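A.B. asks: Under our numbering, the residues of the sequence shown are numbered 151 to 463, in order. Before I ask anything, let me first share the structure, which is written out below as structure tokens.
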Amino acid sequence: MQDSEDNEVGGRRQFLKCMAWAGAGTLWLMKGGVLQAQPLGEGGAMAATDASFSFVQISDSHIGFHKAPNMDVASTLRASLAMVNAQPSRPDFMLHTGDLTHLSKPEEFDTLAELMREARTDKVFYVPGEHDVIGDNGAEFFRRFGERQQSGGWYSFDHRGVHFVGLINVLNLKAGGLGSLGPEQLAWLKKDLAGRSAETPLVVFAHMPLWPLYPPWGWGTDDSAEAMSYLRRFGSVSVLNGHIHQIQQKVEGNITFYTARSTAYPQPAPGVGPAPGPLKDVAPDALHRYLGIREVRHVKGGHALAITDEAMS
Numbered sequence: 151m152q153d154s155e156d157n158e159v160g161g162r163r164q165f166l167k168c169m170a171w172a173g174a175g176t177l178w179l180m181k182g183g184v185l186q187a188q189p190l191g192e193g194g195a196m197a198a199t200d201a202s203f204s205f206v207q208i209s210d211s212h213i214g215f216h217k218a219p220n221m222d223v224a225s226t227l228r229a230s231l232a233m234v235n236a237q238p239s240r241p242d243f244m245l246h247t248g249d250l251t252h253l254s255k256p257e258e259f260d261t262l263a264e265l266m267r268e269a270r271t272d273k274v275f276y277v278p279g280e281h282d283v284i285g286d287n288g289a290e291f292f293r294r295f296g297e298r299q300q301s302g303g304w305y306s307f308d309h310r311g312v313h314f315v316g317l318i319n320v321l322n323l324k325a326g327g328l329g330s331l332g333p334e335q336l337a338w339l340k341k342d343l344a345g346r347s348a349e350t351p352l353v354v355f356a357h358m359p360l361w362p363l364y365p366p367w368g369w370g371t372d373d374s375a376e377a378m379s380y381l382r383r384f385g386s387v388s389v390l391n392g393h394i395h396q397i398q399q400k401v402e403g404n405i406t407f408y409t410a411r412s413t414a415y416p417q418p419a420p421g422v423g424p425a426p427g428p429l430k431d432v433a434p435d436a437l438h439r440y441l442g443i444r445e446v447r448h449v450k451g452g453h454a455l456a457i458t459d460e461a462m463s
């Protein structure tokens with residue numbers, strides 16, 4: 151039994167080492183739905199300069215959490231924002247893909263809002279995580295951070311030729327904790343995309359994965375297949391989410407799915423261990439290796455998006 155436990159812990163630690171390297175110093179170029187990895191320092195800087203604009207994704211700041219492995223999530227969020235501010239080119243805006251807070255308390259939202267003022271970007275777009283809708287079905291989140299385009303909270307906008315869609319999939323969770331979009335939001339999404347050219351690059355963002363990453367842990371969205379059916383005619387689609395606190399990627403035709411690191415704490419790989427949750431055995435001096443931000447650049451003259459994940463190491 152002890153050997154089995156030691157092997158499991160050792161395997162999990164090895165996974166964490168691999169996860170720390172994934173995306174840390176790698177420029178991901180998406181062309182026609184296929185990812186191409188290019189280490190920074192080997193032409194990455196040249197690719198990065200060939201961009202019409204960039205934006206940054208952060209996720210899962212969990213303000214209010216104060217347990218192992220991170221007793222001070224406000225500090226790691228602040229460090230993440232410092233990384234954003236240190237980018238060579240100022241990002242046009244930022245996406246926060248949910249779980250701003252840990253328990254949806256007003257004081258947690260207050261702290262998050264104050265910290266986000268440190269970001270040197272013109273705008274921050276938000277979608278809620280399931281931790282942001284506790285007790286009031288998201289009323290406080292939407293009052294403070296919602297875009298108020300639709301009564302359900304979902305919205306879209308255009309920026310320099312790219313169409314962005316923010317979806318809400320953390321209300322009315324399904325069996326096992328799976329996310330849900332619902333018929334009203336799906337009907338809106340179909341209408342929102344209907345008149346757009348298939349050559350329009352799309353960036354869709356939500357909190358929970360929009361593909362069945364690991365349904366036994368609720369890592370997916372129950373009705374995402376219908377949403378994906380509306381996206382498949384487009385030549386370049388990037389889907390960004392948080393929730394699982396680690397980098398996972400998948401390509402389906404011209405749709406590429408990216409999950410993001412947390413700024414608070416890592417979680418185990420899908421199916422490793424009995425359940426999701428904070429990886430408590432990460433040493434405090436190693437935590438920064440598993441947290442970080444994502445920068446996305448729209449490449450000039452094409453539909454490619456360059457994806458760069460940066461750890462705090």
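Cβ coordinates follow ideal geometry from the N, Cα and C atoms, glycine included. None of these values were measured; they are calculated from a predicted model.
Between I208 and H252, how many whole angstroms is the CB-CB distance? I'm expecting something under 8 angstroms.
C.D. replies: Contact flag wrong, Cβ pair sits at about 16 angstroms.
A.B. asks: Per DSSP, which one or two residues make a beta bridge with E445?
C.D. replies: V206, T458
A.B. asks: Can you say whether P238 is buried or exposed, counting buried as having 16 or more other CB atoms within 10 angstroms of its CB?
C.D. replies: exposed
A.B. asks: Rank F384, E334, A414 by C-alpha distance to the C-alpha of H395 and give the top, closest one.
C.D. replies: A414
A.B. asks: Considering N235, what are the terminal residues of the alpha helix (DSSP H) in which it resides?
C.D. replies: 223-235
A.B. asks: State buried or exposed for G214, treating a residue as buried only when at least 16 other CB atoms are found within 10 Å of its CB.
C.D. replies: Classification for G214: buried.
A.B. asks: Identify, in the order they occur along the chain, each residue of the same chain with its Cβ nearer than 7 angstroms to the Cβ of P365, setting aside the five sequence neighbours on each side.
C.D. replies: G326, L328
A.B. asks: For V422, count neighbouring Cβ atoms within 10 angstroms of its own Cβ and tell me buried if that reaches 16, exposed if not.
C.D. replies: By the 10 Å Cβ count, V422 comes out exposed.
A.B. asks: In chain order, which continuous runs of the alpha helix (DSSP H) of length 4 or greater are located wholly inside the region 271-352?
C.D. replies: 289-295, 333-344
A.B. asks: Is it buried or exposed, S225, if we count other Cβ atoms within 10 angstroms and call 16 or more buried?
C.D. replies: exposed
A.B. asks: Secondary structure at F215, three-state DSSP: helix, strand or coil?
C.D. replies: coil
A.B. asks: When we look at the beta-carbon of A377 and count the other beta-carbons within 10 Å, is it buried (16 or more) or exposed?
C.D. replies: buried
A.B. asks: Under 8 angstroms, Cβ to Cβ, is there at least one residue of chain B near Y440?
C.D. replies: Chain labels in this structure do not include chain B; a single protein chain is all it has.
A.B. asks: Just to confirm before moving on: does the CB-CB distance between P362 and G368 stay below 8 angstroms?
C.D. replies: No; because the gap between Cβ atoms is not below 8 angstroms, this pair is not in contact.
A.B. asks: Assess contact between the region 435-447 and the region 398-415, defined as three or more Cβ pairs (one per stretch) separated by less than 8 angstroms. Is contact present?
C.D. replies: Cβ pair count under 8 angstroms is three or more, so yes.
A.B. asks: Taking S374 as part of the alpha helix (DSSP H), name the residues at either end of that continuous run.
C.D. replies: 374-381
A.B. asks: Can you tell me whether P241 is buried or exposed, with buried defined as 16 or more other CB within 10 angstroms of its CB?
C.D. replies: buried
A.B. asks: How close, in whole Å, do the beta carbons of L429 and P416 come, if the pair is a contact with beta carbons under 8 angstroms?
C.D. replies: 5 angstroms
A.B. asks: How is F259 classed by DSSP in three states: helix, strand or coil?
C.D. replies: Helix, per DSSP.
A.B. asks: Have a look at T458 and R298 and give me their C-alpha separation to the nearest angstrom.
C.D. replies: In a straight line, the C-alpha of T458 is about 30 angstroms away from that of R298.
A.B. asks: Check whether the region 331-338 touches the region 278-296, counting contact only when three or more Cβ pairs, one atom from each stretch, lie closer than 8 angstroms.
C.D. replies: no
A.B. asks: If you run the structure through DSSP and keep just helix, strand and coil, what is E402?
C.D. replies: strand
A.B. asks: DSSP state of L253, grouped into three classes?
C.D. replies: coil
A.B. asks: For H212 and H309, I'd like the C-alpha separation in whole angstroms.
C.D. replies: 28 angstroms
A.B. asks: Is the separation between the beta-carbon of G316 and that of F275 shorter than 8 angstroms?
C.D. replies: yes
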